[in-house]
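As given, the protein sequences belong to chains A and B, one line each in that order.
So the number in our numbering is just where the residue sits in the first sequence, counting from 1, plus 1.
So the number in our numbering is just where the residue sits in the second sequence, counting from 1, plus 663.
Every residue, glycine too, gets a C-beta built ideally from N, C-alpha and C.
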Amino acid sequence: MRFGSKKSLIYLVCVVIFISLAASVSERTGVIASPGDQAARNLPILPSDLTSAGPIVSNDVCLGCHGTPGLSMTLLNGDVLDLYVNPDNYANSVHGQGGYACVQCHTNLGEYPHPLFTAPSLRDATLDLTLSCDRCHSGEYNLTMDSVHYDKLAIGIKEAAVCTDCHGSHDVHRWTDPDTNTLLPDARLDIPITCSRCHFAIYQKYRESVHGAALTDEANTDVPTCIDCHGVHNIGNPTTAVFRLKSPQLCAGCHTDPSLMDKYGISTNVLNTYVSDFHGTTVTLFEKQSPDSQTNKPVCYDCHGIHDISKVDDPETGIEMQQNLLVRCKECHLDATSNFPNAWMSHYNPSPEHYPLVYYVNLFYKVFIPLVLGGMGALVVMDVGHTVYVKTRRKKSTQIKSTAEVSPPPPDEITPTQSPLEQDSEEGQHE
Amino acid sequence: MTTQRRSTPASPHNDVKIVRTFPRFTVSQRWEHGLLLLSIAVLLFTGLPQKFKTTAWSQTLISTPERLETIQQIHHIAALVLTALVLYHLGKAIYLIARRKLPGEILFSMQDIKDAWNMLLYLVFIKKQKPAFGKYNFEQKVTYWFLFFSIGIMITSGYVMWFPEVVTRIIPGGIIPAAIMAHSTEAIVTFIFIVLWHFYHVHIERLNLSIFSGWLNEDDMRAYHSNEYNRLMRRPRPDQEPGDLKS
Numbered sequence: 002m003r004f005g006s007k008k009s010l011i012y013l014v015c016v017v018i019f020i021s022l023a024a025s026v027s028e029r030t031g032v033i034a035s036p037g038d039q040a041a042r043n044l045p046i047l048p049s050d051l052t053s054a055g056p057i058v059s060n061d062v063c064l065g066c067h068g069t070p071g072l073s074m075t076l077l078n079g080d081v082l083d084l085y086v087n088p089d090n091y092a093n094s095v096h097g098q099g100g101y102a103c104v105q106c107h108t109n110l111g112e113y114p115h116p117l118f119t120a121p122s123l124r125d126a127t128l129d130l131t132l133s134c135d136r137c138h139s140g141e142y143n144l145t146m147d148s149v150h151y152d153k154l155a156i157g158i159k160e161a162a163v164c165t166d167c168h169g170s171h172d173v174h175r176w177t178d179p180d181t182n183t184l185l186p187d188a189r190l191d192i193p194i195t196c197s198r199c200h201f202a203i204y205q206k207y208r209e210s211v212h213g214a215a216l217t218d219e220a221n222t223d224v225p226t227c228i229d230c231h232g233v234h235n236i237g238n239p240t241t242a243v244f245r246l247k248s249p250q251l252c253a254g255c256h257t258d259p260s261l262m263d264k265y266g267i268s269t270n271v272l273n274t275y276v277s278d279f280h281g282t283t284v285t286l287f288e289k290q291s292p293d294s295q296t297n298k299p300v301c302y303d304c305h306g307i308h309d310i311s312k313v314d315d316p317e318t319g320i321e322m323q324q325n326l327l328v329r330c331k332e333c334h335l336d337a338t339s340n341f342p343n344a345w346m347s348h349y350n351p352s353p354e355h356y357p358l359v360y361y362v363n364l365f366y367k368v369f370i371p372l373v374l375g376g377m378g379a380l381v382v383m384d385v386g387h388t389v390y391v392k393t394r395r396k397k398s399t400q401i402k403s404t405a406e407v408s409p410p411p412p413d414e415i416t417p418t419q420s421p422l423e424q425d426s427e428e429g430q431h432e
Numbered sequence: 664m665t666t667q668r669r670s671t672p673a674s675p676h677n678d679v680k681i682v683r684t685f686p687r688f689t690v691s692q693r694w695e696h697g698l699l700l701l702s703i704a705v706l707l708f709t710g711l712p713q714k715f716k717t718t719a720w721s722q723t724l725i726s727t728p729e730r731l732e733t734i735q736q737i738h739h740i741a742a743l744v745l746t747a748l749v750l751y752h753l754g755k756a757i758y759l760i761a762r763r764k765l766p767g768e769i770l771f772s773m774q775d776i777k778d779a780w781n782m783l784l785y786l787v788f789i790k791k792q793k794p795a796f797g798k799y800n801f802e803q804k805v806t807y808w809f810l811f812f813s814i815g816i817m818i819t820s821g822y823v824m825w826f827p828e829v830v831t832r833i834i835p836g837g838i839i840p841a842a843i844m845a846h847s848t849e850a851i852v853t854f855i856f857i858v859l860w861h862f863y864h865v866h867i868e869r870l871n872l873s874i875f876s877g878w879l880n881e882d883d884m885r886a887y888h889s890n891e892y893n894r895l896m897r898r899p900r901p902d903q904e905p906g907d908l909k910s
């Protein structure tokens, strides 16, 4: 009986393992194929599968209908969905060049007639279709789920950007170098325009800023675009305390890099001079200790501007002009007057030329501390040494005295004004 | 300056010991020292973490803006106490000067330079005897005047930092970073000075609690302030016993 139960237990375990294996396999195939569609079940997903097997439905089949300009349908809410796909546009897109099939994104379509769009509006259709991106680009897709855009989407704001809003749909362009996985120079020029489609007011500010003007007018790709500060797929909320406290490091990423700054003659001391000033020290401390705390201590962009950053020596808006800086100071220091901005050392290390008073105060202490306090320390050490020396010598002499039994104290041990009793309390006063 | 005579409570034995004590500090001076000690301790405890913001011990203290705010408020309150104390001290001095009653014992004189020089010679074993001192020896005068100017710098620069908008109405803005530099560095200087110089002389060299008790006993007077002791003892007093004075 006992043996039999053990045997049946092993059998049971085997069955459980088999079932779970089978379930996981079927689950996986379920992911690959879109629900219910027999044709899609055999559909290859990954590029490697594509080259080996080839698509079941060729793009020409789709374009047979969708290559006709003017093909459209009206959705439930009255939106007109354009169903025309320009074959040349697609062929030039990164997916077209890669030979991807329509049905790899439009996974529920495989046989004719295919099901119609059921999305009630244009935006819903986009939101449905953008889920397809996850199938190949799950890394990026997962990053977007940490973004401020996704947060908005999650609370029902359907306008929040999804993949295709930035990358396009049938005309997706290549933005990164596939070998290095870094941004192509041309892509940098595209980025602000891409963001401007929703954030136009901010784009206009950026366009006029020292960074934006260099990018747009001179095609200078050294300057930051939107994503260099805000991130790419996991774009965070820039209005949080976390972002604020972290922001100096963001600017410092470029502004402490001599290979970028030297050709423009810009100091790379901007971060350490900021951090050594009390405003910056405090911000750095909070960033480390309580990164989500609110602080009114200024960060780079409080003085230099957020999207409208201008050159510091710009005659109209540059903050090298004290009256321009004063405006920034007054954000917190309401009573500040024209002298006040000069209290900030403008990223200079104090020197005889810049902030001589600070420089000489510092110099004074550099001399004063070793000289005076060092001298006092030396006196104290000598005093200790002297006392210890006298004590040990006296101990020795008392030892000699006690061996000699009765010998009057040497005349120089006790001065006439002292009685032997007082000698102990006088330690080292007289020899 | 008066000489007090105090006898210890009569012991059961016959050897009655007469302990003569000498008043050294007035009640007001003792209170001033107590408040000074307290306010400077609080100022250092709340100031040093702000100065050494990059260290771990400081960052555990100042971990949030709220904590920084609290620490700054305590610092400001202690600063107000210290300011009141300084104003009282200076006011009293001015009052005494006006009445020509200010004792000059704490002022530096040529004698102090000679004393310091002789002390140095004594410490390097050239002289056999320590110099004889008056009521305040040169070490104690250094302590007083060092802290006098330290506190002067700390208070001045402290208020400049506290009210930068007001100060820059009159003075160029460069005074603010200079005050910050002076305030924080002078604080370190003061701290080192107190520990190194003052604590050594009142705790380690000998335990001198006269600033708390107000008096010194005869032995200490004779040993450390012999000039003052002799001056007081030479002055004939009606109640003096003839055998008290030693030749």
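| Asked | Found |
| --- | --- |
| Sub-7 Å separation of MET817(B) and ILE843(B) beta-carbons | no |
| Neighbourhood of LEU422(A) by C-beta, 6 Å cutoff - its chain only, sequence neighbours within 5 removed | For LEU422(A), the predicted model reports a pLDDT of 41, less than 50, meaning its position is unreliable; a value from the coordinates is still stated below. Answer for LEU422(A): no residue qualifies. |
| Every unbroken alpha helix (DSSP H) within the region 155-201 of chain A, with a cutoff of 4 residues, ordered by chain | 164-168, 186-197 |
| Residue-level contact to chain B via CB, TYR275(A), 7 Å cutoff | no |
| Segment contact flag, the region 826-838 of chain B with the region 324-344 of chain A, C-beta cutoff 8 Å, min 3 pairs | yes |
| Contacting residues, own chain, Cβ-Cβ under 8 Å from THR283(A) (five flanking each side not counted) | THR296, LYS298 |
| Against chain A: residues of the region 858-869 of chain B by CB proximity under 7 Å | LEU859, TRP860, TYR863, GLU868 |
| Limits of the beta strand (DSSP E) - the one that THR684(B) falls within | 684-686 |
| Contact check, ILE834(B) vs TYR807(B), beta carbons under 7 Å | no |
| Nearest-angstrom beta carbon gap, CYS227(A) and ILE267(A) [assumed within contact, 8 Å] | About 21 Å; that fails the 8 Å criterion. |
| Inter-residue Cα distance where the pair is GLU354(A) and TRP345(A) | 15 Å |
| Own chain, CB closer than 7 Å to PRO351(A), minus 5 neighbours either side, in chain order | VAL359, TYR360, ASN363 |
| Closer than 7 Å to chain A by CB, THR727(B) | yes |
| Cβ of ILE839(B) within 7 Å of any chain A Cβ | yes |
| Closer than 7 Å at the beta carbon, the chain A residues around ALA845(B) | VAL362 |
| Cβ neighbour criterion (16 or more within 10 Å) applied to THR145(A) | buried |
| Bounding residues of the alpha helix (DSSP H) (the contiguous stretch that carries ASP882(B)) | 881-887 |
| Distance between LYS159(A) and SER311(A) (C-alpha atoms, nearest Å) | 35 Å |
| The region 191-211 of chain A touching the region 236-243 of chain A, judged by at least three CB pairs closer than 8 Å | no |
| Cβ-Cβ separation, ARG189(A) to LEU216(A) (assumed contact under 8 Å), whole Å | 7 Å |
| Beta-bridge pairing of THR75(A) - partner residues as DSSP gives them | VAL81(A) |
| Any chain A beta carbon closer than 7 Å to ARG832(B) | yes |
| Distance, GLY836(B) Cα to ASN343(A) Cα | 4 Å |
| Contacting residues, own chain, Cβ-Cβ under 7 Å from ASP38(A) (five flanking each side not counted) | Only weak support exists for where ASP38(A) lies, its pLDDT of 38 falling under 50; the coordinates are left without a value. |
| Beta carbon proximity, LYS790(B) to chain A, threshold 7 Å | no |
| Cα-Cα separation, MET884(B) to ARG687(B) | 10 Å |
| Other residues of its chain near HIS696(B): CB distance less than 7 Å, five sequence neighbours each side excluded | ILE874 |
| Cβ neighbours of CYS134(A) in the same chain (closer than 6 Å, five flanking residues each side left out) | TYR142, CYS164 |
| Given PHE279(A) as reference, the closest of ASN893(B), HIS846(B), ILE681(B), ASP882(B) once Cα atoms are compared | HIS846(B) |
| GLN722(B) beta carbon less than 7 Å from that of GLN290(A) | yes |
| PRO88(A) beta carbon less than 7 Å from that of GLY68(A) | yes |
| Selection of the region 325-336 of chain A by Cβ proximity to chain B, strictly under 7 Å | HIS334, ASP336 |
| Cβ-Cβ separation, LEU745(B) to LYS839(B) (assumed contact under 8 Å), whole Å | Reading off the sequence shown, one finds Ile at residue 839(B), where the question assumed Lys. At roughly 21 Å, the Cβ-Cβ gap does not stay under 8 Å, so ILE839(B) and LEU745(B) are not in contact. |
| Neighbourhood of PRO316(A) by C-beta, 8 Å cutoff - its chain only, sequence neighbours within 5 removed | MET322 |
| DSSP beta-bridge partners of TRP878(B) | PRO686(B) |
| Cutoff 7 Å: LEU286(A) Cβ touching any chain B Cβ | yes |
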